[in-house]
Amino acid sequence: MRKIPAKVFIIFLLTIGLSNCTFDKNPMPTTPSIVYNPVPNTPIPDDGSLDQFLFVTLKWKCDNATGYEVYIGETNPPLIKYTTTTNKYYTVPLLKYNVQYFWRVVARLNDGTSSLGPVWNFTTLLSSSTLGNGYALLLNKIETSVPHDVKATFQVVDLNGTGVNTLNLSNFEVFEDVLPLSPTESGLSIVNHPTISNQLRTVLMLDNSSSVQSDIDKIKTSAKTIVNGIRPNQEFAVYAFSDRVYRLQDFTNNVSTLLNVIDNNFTPGVMSTDFYGAVENGTALWRDEVSLTKVLKGNMVIISDGNDTQGSSSLARAMRAVYNKLVYTIGLGNEIQPDILHSIGTGGSFSIGQENEIIKQFTDIGQSLIKTANSFYDLSYRSPKRGNGTHTLQIKIVGNQFTGEESSIFTTFSSLDFY
Numbered sequence: 084m085r086k087i088p089a090k091v092f093i094i095f096l097l098t099i100g101l102s103n104c105t106f107d108k109n110p111m112p113t114t115p116s117i118v119y120n121p122v123p124n125t126p127i128p129d130d131g132s133l134d135q136f137l138f139v140t141l142k143w144k145c146d147n148a149t150g151y152e153v154y155i156g157e158t159n160p161p162l163i164k165y166t167t168t169t170n171k172y173y174t175v176p177l178l179k180y181n182v183q184y185f186w187r188v189v190a191r192l193n194d195g196t197s198s199l200g201p202v203w204n205f206t207t208l209l210s211s212s213t214l215g216n217g218y219a220l221l222l223n224k225i226e227t228s229v230p231h232d233v234k235a236t237f238q239v240v241d242l243n244g245t246g247v248n249t250l251n252l253s254n255f256e257v258f259e260d261v262l263p264l265s266p267t268e269s270g271l272s273i274v275n276h277p278t279i280s281n282q283l284r285t286v287l288m289l290d291n292s293s294s295v296q297s298d299i300d301k302i303k304t305s306a307k308t309i310v311n312g313i314r315p316n317q318e319f320a321v322y323a324f325s326d327r328v329y330r331l332q333d334f335t336n337n338v339s340t341l342l343n344v345i346d347n348n349f350t351p352g353v354m355s356t357d358f359y360g361a362v363e364n365g366t367a368l369w370r371d372e373v374s375l376t377k378v379l380k381g382n383m384v385i386i387s388d389g390n391d392t393q394g395s396s397s398l399a400r401a402m403r404a405v406y407n408k409l410v411y412t413i414g415l416g417n418e419i420q421p422d423i424l425h426s427i428g429t430g431g432s433f434s435i436g437q438e439n440e441i442i443k444q445f446t447d448i449g450q451s452l453i454k455t456a457n458s459f460y461d462l463s464y465r466s467p468k469r470g471n472g473t474h475t476l477q478i479k480i481v482g483n484q485f486t487g488e489e490s491s492i493f494t495t496f497s498s499l500d501f502y
């Protein structure tokens, strides 16, 4: 047998090996670049969701933004700017039952431009009676401290948005990483948060234009009746308007001062009436607030014939101004516009002599504010977790018949530095 030279044999093997190889001119795969989305997206609740709670928490995602404006309303697109925030979530003030709401987010981007998100919508609960007794839990803050302590503050409200202050530890279930916490082993405690200051602010907006000059004394009497019905923790501010709005007295609870201002400083104005502008100015004088430092509810009582002759503003703008604000109207005069007064009076439209009906509502609001101010709870416990990990915390109410997103609190915390 003829021997194959070693060099030839090696070349032969190399040829076979190379024949099974392919050469690709394309570079090796690289890590794909991250794609940022500067347009608000991924809404919670999902677009078109039904049976949402009256204190629904809106959430979204967005990249490269420094802040957000949240618009909500019953029209599409929504026109009412509810808040400006740096967070990607917002808990709306009390909404109405069985209403479809539209909302969108405008993102303020890092480069100074803005990005308009799509319009989403959700519909609130049909009514509280259809669900029985239920509760919503709203997280205010969660924090940790060494050696291994977890603390949270949250609020409980019923399905009408009224604060609930009668619960104790036995009414709650608490889970860490899905497992129930033992009160004895973890030192779990849930107690009422210290009482938060509460305040009711009322704007008295009094028409002194020429169309009601013959009724000036009636307006004074009506305004003084309302002031004399002042509730604890209530303050009044007094404004007058004809061609423009001007302040007679800033917010105070001094009844003598308020009565003196109404008697001596409220005088006839001019012919032109900026009624719609007065509505806009009045509703801008307060912002309802529920926080760990303050509970504030505002309202306005406007005494007028509802006749706007100046045309500086419009009914549409006035309607936007009173949206989600509490406004009472008291109508009088020969040129009274009852339909307009009814449209503006979100809390009711009344006549001279019905002031006590409004005062009764002040009493109800004051009681509701006290409940709200006492509806916060402090949770604390010792966590067994150690190391730099992220863990879940869930808080439920035993037997809660409400099953919406706010029926429990689900959040996370880090055990970094725990020992």
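This note's numbering runs 83 ahead of the 1-based position in the sequence shown.
Virtual Cβ for every residue (Gly too), placed ideally from N, Cα, C.
Exercise for the section: May I have the straight-line CA-CA distance separating Leu-327 from Ala-361, to the nearest angstrom? Expected result: Here residue 327 is Arg; the residue named in the question, Leu, does not match the sequence. A direct Cα-to-Cα measurement between Arg-327 and Ala-361 gives close to 7 angstroms.
Problem - Collapsed DSSP secondary structure at Tyr-460 in the structure displayed - result: For Tyr-460, the secondary structure class from DSSP, reduced to helix, strand or coil, is strand.
Problem - Cβ-based neighbour list, Phe-136, same chain, cut-off 6 angstroms, excluding 5 preceding and 5 following - result: When the five nearest sequence neighbours on each side are left out, the beta carbons in the same chain lying within less than 6 angstroms of the beta carbon of Phe-136 are those of Ala-219, Gly-487 and Glu-489, in order along the chain.
Problem - Contact check, Ser-396 vs Asp-357, beta carbons under 8 angstroms - result: Closer than 8 angstroms, so yes.
Practice task
Report the rounded CA-to-CA distance for Val-247 versus Val-239, giving the unit in angstroms.
Solution key: Distance from the CA of Val-247 to the CA of Val-239, rounded to the nearest whole angstrom, comes to 6 angstroms.
Exercise for the section: Starting from the C-beta of Phe-485, find all residues in its chain whose C-beta is less than 7 angstroms away, skip the five residues before and the five after it, and write them out in chain order. Expected result: So the qualifying residues of the chain are Leu-214, Gly-217, Tyr-218, Ala-219 and Leu-242.
Practice task
Within 10 angstroms of the Cβ of Phe-349, are there 16 or more other Cβ atoms? Answer buried if so, exposed if not.
Solution key: By the 10 Å Cβ count, Phe-349 comes out buried.
Handout entry: C-alpha gap between Tyr-406 and Ser-498, whole angstroms
Key = A direct Cα-Cα distance of roughly 44 angstroms separates Tyr-406 from Ser-498.
Handout entry: Which of helix, strand or coil DSSP assigns to His-474
Key = In this structure, His-474 counts as strand in the three-state DSSP scheme.
Practice task
If I'm right that Ser-210 touches Tyr-180 with Cβ under 8 angstroms, what's the distance once you round it to whole angstroms?
Solution key: Contact between Ser-210 and Tyr-180 holds: CB atoms are separated by about 5 angstroms, below the 8 angstroms threshold.
Problem - Phe-501, DSSP secondary structure in three states - result: Residue state, collapsed to three classes: coil.
Practice task
Apply the 10 Å Cβ neighbour rule to Ser-294 and answer buried if 16 or more other Cβ atoms are within range, or exposed otherwise.
Solution key: Ser-294 counts as buried, since no fewer than 16 other beta carbons sit within 10 angstroms of its beta carbon.
Practice task
Measure the Cβ-Cβ separation of Tyr-184 and Val-153 and say whether it is below 8 angstroms.
Solution key: Cβ distance not < 8 angstroms, so Tyr-184 and Val-153 don't count as in contact.
Exercise for the section: Could you pull out every residue in the same chain whose Cβ sits closer than 7 angstroms to the Cβ of Val-373, ignoring the five residues on either side in sequence? Expected result: Counting only Cβ-Cβ distances below 7 angstroms, and skipping sequence neighbours, we find Thr-455.
Exercise for the section: Within 10 angstroms of the Cβ of Ala-399, are there 16 or more other Cβ atoms? Answer buried if so, exposed if not. Expected result: With fewer than 16 Cβ atoms within 10 Å of its Cβ, Ala-399 is classed as exposed.
Exercise for the section: Leaving aside the five residues before and after Leu-462 along the sequence, list all residues of the same chain whose C-beta is less than 6 angstroms from its C-beta, in chain order. Expected result: Beyond the five residues adjoining it in sequence on each side, Leu-462 comes within less than 6 angstroms, by CB distance, of Ala-235 and Ile-273 in the same chain, given in chain order.
Handout entry: Helix, strand or coil at Tyr-359 according to DSSP, with G and I counted as helix
Key = Looking at Tyr-359 - three-state DSSP - the assignment turns out to be helix.
Problem - Among Val-229, Ser-387, Asn-204 and Phe-138, the one whose alpha carbon lies nearest that of Leu-177 - result: Of the candidates Val-229, Ser-387, Asn-204 and Phe-138, Phe-138 places its Cα closest to the Cα of Leu-177.
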